[in-house]
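Enquirer:
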Amino acid sequence: MLGTRRDGTALITEWDADRLRAPYVPRLPLLSQRQTYAYCAGIVLQRGTAAAVNALQQDRMILVGLRRETSTLANQGLGVYDDHIVVLNGGDGLRTARVFPACTEPGA
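Residue numbering for the sequence shown follows the numbering used here, beginning at -11 and increasing consecutively.
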C-alpha cells in the first residue's frame, strides 16, 4: 500500500522471500540470442553452483533448465511442455543462446 510505513523486519523478511522465489521466465523465443544469453547468464551467476559459474566465466557451453510452474493435471494429466532447455555458448566471445522446448517434470 502506498503511503504506509512497514516494519523493517517485515520488509526484510519479504525481500528475503522474494530472493528465494524462482526467477520469472520470459517468453524466450521473443528475445534475441544475446538477450537470452544475458538473461540466463544472470540466473547462473545468481543461482548456479560454483562449477556452473566457473564454466560461464570461462565461456564454456552450459545447459540451463527453466521450469514454469504448471499443474501436473494440466492437459488431462499429460502435462504441459512449456519449460525450456537453453544452451549457452560463450565460446569465441559469441555469447549466444539456443532455446529448446522441454518438459522438466519427472514422469510427464
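The C-beta atom is built at its ideal place from N, Cα and C for all residues, glycine as well.
1. Roughly how many angstroms lie between the CA atoms of A62 and V68, to the nearest whole one?
2. Helix, strand or coil for M(-11)? Go by DSSP, reduced to three states.
3. So what does DSSP say about N63, is it helix, strand or coil?
4. Can you check DSSP and say which residues form a bridge with L76?
5. Just grab the DSSP bridge partners of A90 for me.
6. When the Cα of L66 is compared with those of G30, T37 and C91, which residue comes out closest?
7. Using C-beta distances below 8 Å, list every residue in its chain close to L51, excluding the 5 sequence neighbours before and after it, in chain order.
8. Going by Cα to Cα distance, which pick from L54, R83 and D70 is closest to T60?
9. So, helix, strand or coil for L19, using DSSP?
Expert: Taking the coordinates as given:
1. 6 Å
2. Residue placement at M(-11) is poorly supported in this model, since its pLDDT is 48, which falls under 50; the coordinates still yield a value, given next. The answer is coil: DSSP assigns M(-11) none of H, G, I, E or B.
3. coil
4. I50 and A85
5. D71
6. C91
7. I73, V74, V75 and L76
8. D70
9. coil
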